[in-house]
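Counting in the UniProt record's numbering, the sequence shown runs from 518 upward without gaps.
Where a beta carbon is used, it is the ideal one built from N, C-alpha and C, also for glycine.
Structure, as structure tokens:
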Amino acid sequence: IDIEVGLRKALREHSLSLSYQPKVDCHGTLQGLEALVRWQSTELGTVSPAEFIPVAENSGMVHDITLQVIEMVTSQVKNWQGKGIPVRPVAINLSAIDLSIPNLVQEVVSRTDQLDLSVDLLEFEITETALMVNGETGLDNLNKLKELGFRISIDDFGSGYSSLSKIAYMPVYAIKIDREFVQDVPGDSRREKIIHGILSLAHSLDLSIVAEGVENAQQLEFLRTNGCHLFQGYFFHRPLDITGTEKLLATQSEQT
Ligand code: G
Ligand code: G
Ligand code: NA
Ligand code: MN
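Here's what the structure looks like:
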């Protein structure tokens, strides 16, 4: 059994699950979560999304994964609300293929409407590469999502070929600086300069800035003093399972 066959089965059986990685402000206070898909296969063991998402994209399955992820997130948020646990916005990763689906917005809205969820509890992350390969339909979908009140972030910023000058015309509220840049600061003066450049342009465009892959206090200090707003990474939290996420949501509410 290979990844494609196994994944098809997992989708049929609805056996994918989610981890949630926190996004925090510079005080470490929880501001949001990113949903990360997980697959524990009986035949193949744990398979990383870095491995199976590309296979899913090439075999027509990635949009079904996305729809199942949306359903898991919305029902989880509803579940937390039902238990009186204060929730934070949850970001869902979209692939380029999702953006090319003309019906995408309706599919999202039908799932949030069904559970009577507020739009500001869901966000979408799109890699800059996905943003650039999508034409009319992609931009149309993003504009509609934004008009409805969903926030959109550009994931892995700096790793592709886009530029902030293009993103300035996109319905985007935040950029996430790719881990690759974060890992070499402070110290690598070229990377420091790239981050300075990204941040100053992002500030002037009023974009919110999230740093990915923050692993130590030095990185945090550099990013914070240069105007990053939110942080994600092992220094604060690894991706958490549902129990861990729930505990964190509960303790954060005690502090506020
Ligand atoms: O969680 P992890 O570090 O293993 O993720 C590896 C890669 O898989 C990352 O690039 C992440 O963005 C991507 N990924 C995780 N969950 C999803 C998802 O639900 N949909 C898509 N399209 N990509 C995801
Ligand atoms: O491409 P994307 O940014 O969505 O990737 C998310 C992945 O990055 C997750 O699978 C998560 O496990 C991983 N990740 C999150 N924080 C860190 C970190 O601080 N260091 C490293 N090396 N990986 C991280
Ligand atoms: Na990312
Ligand atoms: Mn992401």
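Residue i classed as buried or exposed, judged by whether at least 16 other C-beta atoms fall within 10 angstroms
i, result
"Q538", "buried"
"G652", "exposed"
"L722", "exposed"
"N610", "buried"
"S682", "exposed"
Pairwise C-alpha distance: residue j and residue i
i, j, result
"Y686", "G562", "43 Å"
"L638", "I587", "12 Å"
"S536", "R755", "9 Å"
"I518", "G704", "46 Å"
"E664", "E560", "43 Å"
"S627", "Y751", "35 Å"
"S532", "E568", "17 Å"
"I759", "G549", "14 Å"
Per-residue DSSP class, three states only, for residue i
i, result
"T654", "helix"
"G730", "coil"
"A608", "strand"
"V689", "coil"
"I694", "strand"
"I711", "helix"
"T646", "helix"
"R668", "strand"
Beta-carbon proximity list for residue i, same chain, < 7 Å, skipping 5 on both sides
i, result
"L621", "D615 and N658"
"V702", "R708, E709, I712, Q736 and F739"
"L634", "T591, V594 and K595"
"S558", "G523, A527 and V564"
6 Å CB neighbourhood of residue i in its chain, flanking five on each side removed
i, result
"I582", "A573"
Beta-carbon proximity of residue i to residue j, cut-off 8 Å
i, j, result
"S679", "E645", "yes"
"G666", "I715", "no"
"L724", "A691", "yes"
"M589", "R525", "no"
"L747", "D542", "yes"
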